[in-house]
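Chemist: Numbering follows full-length UniProt numbering, with no gaps: position 426 of the sequence shown is 426.
Ideal placement from N, C-alpha and C gives every residue a C-beta, glycine not left out.
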Amino acid sequence: MVHSAYDSHELVGDCSTKIDAVESYGSKLLLGCSDGSLRIYAPESSDSDRSHPPDRHSPTLELLKESYAQERSISGFLKKPILAMEVLRSKELLLSLSESISFHKLPNFETIAVITKAKGANVYSWDDRRGYLCFARQKRVCIFRHDGGRGFVEVKEFAVPDTVKSMSWCGENICIGIRREYMILNASNGSLSEVFPSGRIAPPLVVSLPSGELLLGKDNIGVFVDQNGKLVQEGRICWSDSPSEIIIQKPYAMALLPRYVEIRSLRAPYPLIQTVVLRNVRHIIQSNAAIIVSLDNSVYGLFPVPLGAQIVQLTASGNFEEALALCKLLPQEDSSLRAAKESSIHIRYAHYLFENGSYEEAMEHFVASQVDITYVLSLYPSICFPKLAVLPEPEKLVDIGFDASDLSRGSSVMSDDMESSPRCIWSLMRMLPWNQRK
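1. Would Lys28 and Ile19 be called neighbours here (beta carbons separated by less than 7 Å)?
2. Out of curiosity, what's the CA-to-CA distance linking Leu302 and Leu30?
3. By the 10 Å Cβ neighbour count, where 16 or more other Cβ atoms means buried, how is Phe77 classified, buried or exposed?
4. Rounded to whole angstroms, what's the CA-CA distance from Leu11 to Thr17? Just pull it up for me.
5. Per the DSSP calculation, Val299 is bridged to which residue(s)?
6. Applying the 10 Å Cβ sphere with the 16-neighbour rule, what's the burial state of Thr111?
7. Between the C-alpha atoms of Val293 and Lys65, what's the straight-line distance to the nearest angstrom?
8. Put His57 into one of helix, strand or coil per three-state DSSP.
9. Is it true that the CB of His3 sits closer than 7 Å to the CB of Gln313?
10. From the DSSP secondary-structure annotation, give me the bridge partner or partners of Ser166.
11. Give every residue of the same chain whose Cβ lies closer than 7 Å to the Cβ of Ala84, excluding the five residues on either side of it in the sequence, and list them in chain order.
12. With H, G and I counted as helix, E and B as strand and the rest as coil, what does DSSP make of Thr17?
13. According to the Cβ coordinates, are Ile201 and Gly222 closer than 7 Å?
14. Are Ser198 and Tyr182 touching if we call contact CB-CB under 7 Å?
15. Measure the Cβ-Cβ separation of Arg267 and Ala187 and say whether it is below 7 Å.
16. Identify whether Gln332 lies in helix, strand or coil by the three-state DSSP scheme.
17. Would you report the Cα separation of Ile248 and Glu86, rounded to the nearest angstrom?
18. Taking its Cβ as the centre, do 16 or more other Cβ atoms sit within 10 Å of Val277, making it buried, or is it exposed?
19. Does chain D have any CB closer than 7 Å to the CB of Ala362?
20. Below 7 Å CB to CB, which residues in the same chain sit around Asp226 once its five sequence neighbours on both sides are set aside?
21. Assign Ile246 to one of three DSSP states: helix, strand, or coil.
22. Nearest to Asn220 by CA position, among Lys230, Glu245, Asn108 and Gly120, is which residue?
23. Whole angstroms is fine: what's the gap from Ser58's alpha carbon to Ser335's?
24. According to DSSP, simplified to helix, strand and coil, what is Ile201?
25. If you run the structure through DSSP and keep just helix, strand and coil, what is Arg145?
26. Please state whether DSSP places Arg129 in a helix, a strand or coil.
Structure representation (structure tokens):
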């Protein structure tokens with residue numbers, strides 16, 4: 001483990017019925033159980049009347065890092081076990097996948113629409129921007145559109161070569177993963193274009209990225225493609241095992257592996273950041289402020305460690321590139337804090353590089369830190385510069401004929417010269433390797 005990017009906390013323990021699906025709504029947890037019931041859990045510290053519906057516009061309504069208690073149970077919510085749920089926040093609806101696909105009005109969970117044609121559907125994908133739903137059953141893909149009220153209108157239905165195992169909208173088309181390959185389905189005319197074969201061991205897995213691109217699973221490899229299925233030249237994620245689910249929460253990608261949840265950076269070469277070991281994990285779901293981890297009879301939350309704390313961890317362990325990358329994610333209102341952190345990291349990184357013989361790269365980080373050059377020189381009093389440095393054309397304007405004693409005293413005149421001419425710094429950079437080898 002490189003550092004702790006997430007803290008694990010048990011939210012629900014010892015649920016009396018097996019949990020098949022989980023979702024969040026504001027600060028509450030929705031648990032779809034194997035008996036067809038829907039159980040609503042709220043934070044134990046909530047002082048408000050729990051019967052009061054949540055205000056979806058409130059910025060404070062997010063999962064809390066504390067224990068949850070059952071607030072309400074709706075028996076017979078669905079006749080059969082709930083396979084998946086998703087809160088459609090822009091519509092204030094809850095989508096449920098069971099023996100068919102149903103839509104329930106929030107916050108009272110009234111069923112307002114059932115797509116009977118979705119009976120037997122095993123996967124679906126929702127396009128929130130357009131209000132389009134696609135789902136697959138057997139060797140058919142169906143597309144429905146929300147009509148703006150309480151109903152859904154069928155748009156298209158297409159045949160595909162095999163049973164769809166995974167699917168996601170990609171722009172106005174659909175990427176599907178069937179038994180042996182990935183394909184792009186044109187949602188207008190039903191034409192199919194091949195992407196590449198899926199893995200030999202794990203079933204296909206299609207994951208949509210915030211950028212609009214896709215991450216396609218090929219056993220333990222995640223391959224990046226654009227909306228047309230073309231490879232993106234940014235490498236590939238190598239997981240420790242074949243994931244069954246992947247979610248993206250920038251700047252990390254999280255995969256559900258057989259033995260644990262694995263967290264990797266989204267920056268190439270996609271290094272391992274953290275592993276979270278929990279037994280019998282069934283699902284991982286992205287929430288508004290955390291990652292929800294669903295087990296057979298309990299629910300955990302993975303809460304992001306504040307960026308500042310992560311940056312401190314990474315810097316202390318010598319992962320300077322990752323630390324600098326996280327600095328760029330600090331809020332704009334913290335620009336002064338960001339600049340101070342970046343300067344400090346650049347200096348520490350420069351020390352590390354210099355001590356390991358990467359002199360020019362070290363000087364680049366010293367320059368990036370905007371530290372006074374006399375400070376840099378004072379760190380290396382053993383370095384002796386030539387009494388006269390003749391710079392190549394057109395840089396003969398700068399004469400840096402100082403001996404070692406002058407340098408160690410850090411003359412203020414020299415400091416002025418350095419500040420007035422960045423070329424001097426680069427000249428010193430060229431000389432430092434020569435002196436160090438000497």
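Modeler: Reading off the structure:
1. Not in contact: Lys28 and Ile19 (Cβ atoms no closer than 7 Å).
2. Rounded to the nearest angstrom, the gap between the Cα atoms of Leu302 and Leu30 is 17 Å.
3. Its Cβ being crowded by 16 or more others within 10 Å, Phe77 is buried.
4. Rounded to whole angstroms, the gap between the alpha carbons of Leu11 and Thr17 is 16 Å.
5. In the DSSP output, where bridge partners are listed per residue, Val299 has Val12 and Ser294.
6. Answer is exposed; the Cβ neighbour count stays below 16.
7. Between the alpha carbons of Val293 and Lys65 lies a distance of about 13 Å.
8. The predicted model places His57 with a pLDDT of 42, which falls under 50 and marks its position as unreliable; any figure quoted below should be read in that light. Coil.
9. For Gln313 and His3, yes; Cβs fall inside 7 Å.
10. Paired residue(s): Gly177.
11. Taken in chain order, the residues that qualify are Ala21 and Leu97.
12. Thr17: coil per DSSP, three-state reduction.
13. Going by C-beta atoms, Ile201 is not nearer than 7 Å to Gly222.
14. Yes; because the gap between Cβ atoms is below 7 Å, this pair is in contact.
15. It is not a contact, given that the beta carbons lie outside the stated cut-off.
16. Correct three-state label for Gln332: helix.
17. Using only the alpha carbons, I get a separation of about 16 Å.
18. By the 10 Å Cβ count, Val277 comes out exposed.
19. Of the chains in the structure shown, none is chain D; there is only one protein chain.
20. For Asp226, where only same-chain residues beyond five positions count, the Cβ hits under 7 Å are Glu213 and Val232.
21. Correct three-state label for Ile246: strand.
22. Of the residues Lys230, Glu245, Asn108 and Gly120, the one whose Cα lies closest to the Cα of Asn220 is Glu245.
23. Annotation note: pLDDT 46 at Ser58 (below 50); position unreliable, no value reported.
24. In the structure shown, Ile201 adopts coil according to DSSP, grouped into three states.
25. The answer is strand: DSSP assigns Arg145 an E or B state.
26. When DSSP states are grouped into helix, strand and coil, Arg129 belongs to the coil group.
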